[in-house]
């Protein structure tokens, strides 16, 4: 029986990826709960399972009490009862004897199976949570297993688990087919009553940041820092970078030779435009850079301090008349992304002071 049992445990460990020790612990708990039913629920049944030594033991351990104190036959052993197992039992000692697990009965066996099954589900759930939590705020490779034709949500296989990439977290316009291998960003992992809840995204700014960390060794090594990033998924991303070493050009490192690095990321993003600008601690310099590709003539700081810590600081930016629309961008996109990138409210005005009607 032991050989078959431990072979089954080893097979389950291999197929489910759950440790044999954990399985044995859950199985032991299930057997104890089932066996205690025959002892009116008394805490006198124990189970020791050692996967390494392949030993399996279920036993009863009761305190021995004097005949005049003997009250509960389930929780206690009388001196007379103990004499069946011990030569000279004394009150205060313990009676210990093995149980035949084959005699638990059908109900006990079914109870054990249920608890074991539940334990395995909990183990699998815990394994999935740990696997995803280790990847929180990071990229993972996933395989498209199902696409909902109604809402567009995509079910992904990730390692030993699965999760859903909602339509709202996909890049607008991108399409997938079952079997596709894609990268996704793990936004957050929560353990809920219904199981692990994994929030995935390809539209968050963090997705682009992680792509650059994978593609640019200088970022991965900490030489180049991504100081800020803002994004309109599927359309445009702005990213501010700086270098800890004067001889390393942070923008050049991100672009790569002949644009090889940034082009690879643009391809993953389906042609999304990426503006890479140099970060500066000087607000005026940073704001000017953030409004690229437009040229900035002057930045006037209007409100550098605010009483509300969540409120953005304000500035006024002057650009050449012929670059006003470029600075603002289509539907205000360039100005909006620059404001998100810098944390400043940006009021853009033309050099002449006159706005075209």
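Numbering (this note's numbering), first residue to last: 20 to 376. Cβ atoms here follow ideal geometry from the backbone N, Cα and C, with glycine treated the same way.
For residue i, tell me which candidate among the options has the shortest Cα-Cα distance.
i, options, result
"residue 53", "66, 141, 336, 39", "66"
"residue 322", "315, 302, 312", "302"
"residue 152", "100, 345, 218, 289", "218"
"residue 360", "168, 372, 337, 331", "331"
"residue 232", "208, 312, 32, 274", "274"
"residue 81", "91, 73, 63, 75", "63"
"residue 161", "201, 306, 117", "201"
"residue 208", "370, 270, 182", "182"
"residue 345", "364, 368, 73", "368"
"residue 177", "168, 88, 148", "148"
"residue 198", "174, 191, 39, 304", "174"
"residue 119", "238, 51, 309", "51"
"residue 280", "310, 320, 227, 319", "227"
"residue 88", "111, 76, 72, 75", "111"
"residue 354", "370, 73, 372, 306", "306"
"residue 84", "74, 109, 167", "109"
"residue 133", "57, 47, 335", "47"
For a test of the three-state rule: what should DSSP assign to residue i, helix, strand or coil?
i, result
"residue 26", "helix"
"residue 224", "helix"
"residue 236", "helix"
"residue 376", "With a pLDDT of 46 at residue 376, under the threshold of 50, the modelled position of this residue cannot be trusted, and the question is left open."
"residue 310", "coil"
"residue 316", "coil"
"residue 182", "strand"
"residue 357", "helix"
"residue 39", "helix"
"residue 365", "strand"
"residue 176", "strand"
"residue 370", "coil"
"residue 82", "strand"
"residue 116", "strand"
"residue 200", "strand"
"residue 49", "helix"
"residue 101", "helix"
"residue 292", "strand"
"residue 106", "coil"
"residue 33", "helix"
"residue 96", "strand"
"residue 266", "coil"
"residue 154", "coil"
"residue 212", "coil"
So, residue i versus residue j, is the Cβ gap smaller than 8 Å?
i, j, result
"residue 251", "residue 352", "yes"
"residue 339", "residue 366", "no"
"residue 41", "residue 142", "yes"
"residue 298", "residue 259", "yes"
"residue 194", "residue 163", "no"
"residue 224", "residue 249", "yes"
"residue 59", "residue 93", "yes"
"residue 179", "residue 150", "yes"
"residue 264", "residue 242", "yes"
"residue 293", "residue 285", "yes"
"residue 350", "residue 309", "no"
"residue 86", "residue 99", "yes"
"residue 291", "residue 253", "yes"
"residue 184", "residue 216", "no"
"residue 104", "residue 116", "yes"
"residue 70", "residue 101", "no"
"residue 272", "residue 237", "yes"
"residue 319", "residue 283", "no"
"residue 192", "residue 289", "yes"
Return the first residue and the last residue of the beta strand (DSSP E) that residue i is part of.
i, result
"residue 299", "Note, residue 299: premise wrong, no beta strand (DSSP E); not H, not E."
"residue 160", "158–166"
"residue 255", "255–262"
"residue 64", "64–69"
"residue 250", "243–251"
"residue 336", "332–338"
Would you mind giving the Cβ-Cβ distance between residue i and residue j, rounded to the nearest angstrom? I have them listed as a contact below 8 Å.
i, j, result
"residue 68", "residue 139", "In fact, because the Cβ distance is near 15 Å, the residues do not count as touching under 8 Å."
"residue 229", "residue 356", "Incorrect: roughly 19 Å between the Cβ atoms, too far for contact."
Tell me the residue span of the alpha helix (DSSP H) that contains residue i.
i, result
"residue 287", "279–287"
"residue 344", "343–347"
"residue 191", "Counting along the chain, residue 191 falls outside any alpha helix (DSSP H), and DSSP gives it neither H nor E."
"residue 169", "Segment: none, residue 169 is in no alpha helix (DSSP H) and carries neither H nor E."
"residue 271", "269–274"
Is residue i close to chain B, meaning its C-beta is less than 8 Å from at least one C-beta of that chain?
i, result
"residue 209", "The structure shown contains no chain B; it is built from a single protein chain."
Closer than 7 Å to a non-hydrogen atom of the ligand NAD - does that hold for the CB of residue i?
i, result
"residue 361", "Within the structure as shown, the ligand NAD is missing, as the structure has no ligands at all."
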